[in-house]
Amino acid sequence: MKNYLLPAIKMTMIMLVLLCVVYFGIVYFFGKFTHGEGNGEIVMSKGKVVGYKTIGQKFTEDKYFWGRPSGVDYNAAGSAGSNKGPSNPDYIQIVKDRIDSFLVHNPGVSKKDIPAELVTASGSGLDPDITPAGAYVQVKRVAASRNISEEKVKALVDKHIRKNPIGPDVINVLALNVALEN
Numbered sequence: 005m006k007n008y009l010l011p012a013i014k015m016t017m018i019m020l021v022l023l024c025v026v027y028f029g030i031v032y033f034f035g036k037f038t039h040g041e042g043n044g045e046i047v048m049s050k051g052k053v054v055g056y057k058t059i060g061q062k063f064t065e066d067k068y069f070w071g072r073p074s075g076v077d078y079n080a081a082g083s084a085g086s087n088k089g090p091s092n093p094d095y096i097q098i099v100k101d102r103i104d105s106f107l108v109h110n111p112g113v114s115k116k117d118i119p120a121e122l123v124t125a126s127g128s129g130l131d132p133d134i135t136p137a138g139a140y141v142q143v144k145r146v147a148a149s150r151n152i153s154e155e156k157v158k159a160l161v162d163k164h165i166r167k168n169p170i171g172p173d174v175i176n177v178l179a180l181n182v183a184l185e186n
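Letter 153 of the sequence shown, counting from 1, is numbered 157 in my numbering, and no numbers are missing.
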């Protein structure tokens, strides 16, 4: 027993140091050379931290662009999807409710014009981006609630489109809303 127990304890201690101290130190060191110096990409507005560029936030007022719904109510500590499939009656009802709510807040938009991303939650529940189509469908509402022209709002949306070489183009909702405020 002594021949097996002592090597197992030694190996456990070595792995504990390697994985809890050395690995953490390496990740921390390299994180200091990234945007945000390892603290995430902080978004500031008027001298205050308003959020992180990589974590979705809940916007419900008509004067803001809305992001993807969250299955975890935008709680970054509990990042997860709802795990409800497209045939689940509860999920179908949630999506229908989101569609109805979107249509109430966006008069003149038809059901078929709503991008799926605006009524279905992302896998993490914290997706910070929407597609340009998801932003354009909201332009009329945002412009009307802010009493500015739709052309100005569309130009702001166009300015915030981030080209993606391997997937669809995206817009960071928080960055777009901060630009609206400024």
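Ideal Cβ positions, reconstructed from N, Cα and C, are used throughout, including at glycine.
- As the crow flies, the alpha-carbon of Gly-89 is around 35 Å from that of Ala-147.
- Under the three-state reduction of DSSP, Ile-46 is assigned to strand.
- Per DSSP, the unbroken alpha helix (DSSP H) holding Val-146 starts and ends at 143-150.
- Within a 10 Å sphere around the beta-carbon of Gly-171 sit fewer than 16 other beta-carbons, which makes this residue exposed.
- Separation of Lys-158 and Pro-136 (C-alpha to C-alpha, rounded to the nearest whole angstrom) is 10 Å.
- Taking the C-beta atoms as reference points, Val-76 is found no nearer than 8 Å to Asn-110.
- Of the residues Asn-79, Asn-168, Asp-173 and Arg-150, the one whose Cα lies closest to the Cα of Asn-181 is Arg-150.
- Bounds of any beta strand (DSSP E) do not take in Lys-116, whose DSSP letter is neither H nor E.
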